[in-house]
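> Please find one structure pasted underneath; my questions will follow.
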Amino acid sequence: MTMQNNNSFFERVYDVVRLVPYGRVTTYGAIAAFIGSPQASRMVGWALNASHNIIDVPAHRVINRNGILSGKRHFGGPDIMQQLLENEGIEVINDKITNFSKLFWNPAVELANYPNFAEN
DNA sequence: AATTTGACCCGAA
DNA sequence: ATTCGGGCCAAAT
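Numbering-wise (this note's numbering), the first sequence opens with residue 181 and increments by one.
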């Protein structure tokens with residue numbers, strides 16, 4: 181039996197996304213950097229693309245470095261991602277969240293107590 | 001088995 | 001402000 185899901189790139193992405201608090205957002209690049217592949221931000225998006233059936237991965241809280249909802253096309257309807265964020269009190273105007281710098285949850289800072297996260 | 005594809009990012013024009 | 005190219009690398013084809 182091949183049971184290495186826990187250490188896979190995708191699983192490490194999911195582990196971080198699960199920790200993003202309600203009402204906060206993070207970015208593809210921040211996740212990539214935190215799990216040890218700073219240039220692999222595109223694959224974070226790919227991982228999230230495969231996370232639709234995983235109920236506890238809040239993919240809508242992952243946006244791009246400019247605060248834009250670049251992944252919104254991959255949610256059910258054209259406005260689902262925006263609605264999910266607005267439900268958490270986040271304002272979205274023209275596919276861009278306001279107050280990005282305040283809402284940004286940076287795993288490198290917030291999870292600084294978990295130094296071995298990237299070493300799996 | 002080799003090539004293409006991406007929910008990106010960053011620096012440089 | 002906007003565009004461009006290179007980097008990255010796991011999955012899909």
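Heads up, the beta-carbon is just placed ideally off N, CA and C, and yes, glycines get one too.
Mind reading off the beta-carbon distance from residue 218 to residue 212? Whole number of angstroms is fine, and I expect it under 8 Å.
Residue 218 to residue 212, Cβ: 6 Å. Contact.
> Could you check the C-alpha separation between residue 284 and residue 258 for me, to the nearest Å?
Roughly 23 Å separates the two Cα atoms.
> Select from 189, 195, 210, 198 the residue whose C-alpha is nearest the C-alpha of residue 289.
210
> Which full runs of the alpha helix (DSSP H) of 4+ residues lie inside the segment 250 to 295, going along the chain?
Listed in chain order, the alpha helix (DSSP H) runs fully inside the segment 250 to 295 are 260 to 267, 280 to 283, 287 to 290, counting runs of at least 4 residues.
> Going by CA-CA distance only, name the one from 223, 202, 268 that's closest to residue 244.
With distances taken between Cα atoms, residue 244 lies closest to 223.
> Ends of the alpha helix (DSSP H) at residue 215?
For residue 215, no alpha helix (DSSP H) encloses it, and the DSSP letter there is neither H nor E.
> Whole angstroms are fine: how far does the CA of residue 293 sit from the CA of residue 231?
26 Å
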